[in-house]
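K.L.:
Quick one: the structure is below, questions incoming.
Residue numbers (my numbering): 7 to 367.
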């Protein structure tokens, strides 16, 4: 059927897809039609707009989708590019980020945390999968070794908030941008998950010491400062993120769509499920705190007794905290920060850094 014939086969009151000039099709209803054009009513976010559609415009019939969309689009009788995209949009608007096309699972990034990656949601998926075809990124396992499989599944799920805390950061274009790559292998035996392995690579290490305007360092630093109890912050010598050079370079230490304190509790829960002991957790936070103290060390020019240009540290309290948290000798750390050590046979030579060398050390 040619375009003109198809156009005239659509009459007043018909539901259509059409492109109003935005580059993609949207749903509309024909409210009037004449020889050369049609009046199309569109409801966009509760606002009624009427478009005048010329005869040569590409319009075609559509079937009304359910209010919350369709779980499995393979069941749609009106299956085309427009209906697929609009169905995904409808489901996204209803906080449904997973949709099936047969055995294919489509996932839309919500750019926020959804509380659906837990054992309660898995149980819901198991209970209602057959009845409702509820899309999710996991499938239920057999009853054989179910408790062990559930524990492993929960650990796989909880690895995500941990990896995001340590490997994601705010960038200009994305409040939760992954700054590393990961490869996940899941191992099965007789349809039961028996283990998993995550390989990470290409972490953006430079972000730890520098980031651009309107960006942040890795989430974990801000989460730790927002979520640690006051006594622990005092024990680590910590304050607000605005006071740390490694955290304040972007100009804004908060993200409107992110609650760092709540995410820190999610991180602690993930660590617990993944088997981190209390001592291991405390060691990790000590190292993170030490990194922040090291970033607040400032160097100044000075002259030694012979009159040579040397540098001194003007924030020795930060050195004290870093040495304490890392269980290092304070004088030894101070020496490493201000001198180059050259060893030859039994001789050990100390050469003072200049300012650029100290900043790069």
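Backbone N, C-alpha and C define an ideal beta-carbon position, used for all residues, glycine too.
Identify the residues that DSSP records as bridge partners of residue 345: which are they?
P.N.:
In the DSSP output, where bridge partners are listed per residue, residue 345 has 358.
K.L.:
Excluding the 5 residues flanking residue 159 on each side, which residues of the same chain have their C-beta closer than 6 Å to its C-beta?
P.N.:
Answer for residue 159: 199, listed in chain order.
K.L.:
Could you tell me whether the Cβ atoms of residue 210 and residue 185 are closer together than 8 Å?
P.N.:
Yes. Within cutoff.
K.L.:
Would residue 68 be called buried (16 or more neighbouring beta carbons within 10 Å of its own) or exposed?
P.N.:
Looking at its Cβ environment, which holds 16 or more other Cβ atoms inside 10 Å, residue 68 is buried.
K.L.:
If you drop the 5 nearest sequence neighbours on each side, which residues of the same chain put their C-beta closer than 6 Å to that of residue 327?
P.N.:
So the qualifying residues of the chain are 243 and 299.
K.L.:
Which parts of the region 76 to 124 are runs of the beta strand (DSSP E), unbroken and 3 residues or longer, counting only runs that do not cross its ends?
P.N.:
Complete beta strand (DSSP E) runs here, min 3: 104 to 107 and 110 to 113.
K.L.:
How is residue 4 classed by DSSP in three states: helix, strand or coil?
P.N.:
No answer is possible for residue 4: the residues shown for the chain start at 7 and end at 367.
K.L.:
Count the other CB atoms, across all protein chains shown, that sit within 10 Å of the CB of residue 22; report buried if there are 16 or more and exposed otherwise.
P.N.:
The residue is buried, with at least 16 neighbouring Cβ atoms inside 10 Å.
K.L.:
For residue 58, which residues of its own chain have a beta-carbon under 7 Å away from its beta-carbon, when the five flanking residues on both sides are left out?
P.N.:
Counting only Cβ-Cβ distances below 7 Å, and skipping sequence neighbours, we find 43 and 45.
K.L.:
Do residue 305 and residue 253 have their beta-carbon atoms positioned less than 8 Å apart in this structure?
P.N.:
It is not a contact, given that the beta carbons lie outside the stated cut-off.
K.L.:
Could you name each continuous beta strand (DSSP E) segment of 3 residues or more that falls completely within the region 271 to 318, going from the start of the chain to the end?
P.N.:
DSSP runs (the beta strand (DSSP E)) wholly in the region 271 to 318: 305 to 309.
K.L.:
Quick check on the burial criterion: 16 or more other C-beta atoms within 10 angstroms. Buried or exposed for residue 320?
P.N.:
Residue 320 is exposed by the Cβ-count criterion.
K.L.:
Could you tell me the alpha carbon to alpha carbon distance between residue 120 and residue 84, rounded to whole angstroms?
P.N.:
Approximately 30 Å, taken between the alpha carbons.
K.L.:
How many Å lie between residue 168 and residue 55 at the Cα?
P.N.:
So the alpha carbons of these two residues sit roughly 46 Å apart.
K.L.:
Classify residue 126 as helix, strand or coil using the three-state DSSP reduction.
P.N.:
Three-state DSSP puts residue 126 in a helix.
K.L.:
Secondary structure at residue 161, three-state DSSP: helix, strand or coil?
P.N.:
It is helical.
K.L.:
Can the beta-carbon of residue 117 be found less than 8 Å from the beta-carbon of residue 51?
P.N.:
In this structure, residue 51 does not lie closer than 8 Å to residue 117 by Cβ.
K.L.:
Taking the C-alpha atoms as reference points, what is the distance between residue 247 and residue 60?
P.N.:
So the alpha carbons of these two residues sit roughly 57 Å apart.
K.L.:
Here's the rule I'm using: 16 or more other beta-carbon atoms within 10 Å means buried, otherwise exposed. How should residue 129 be labelled?
P.N.:
Result: exposed.
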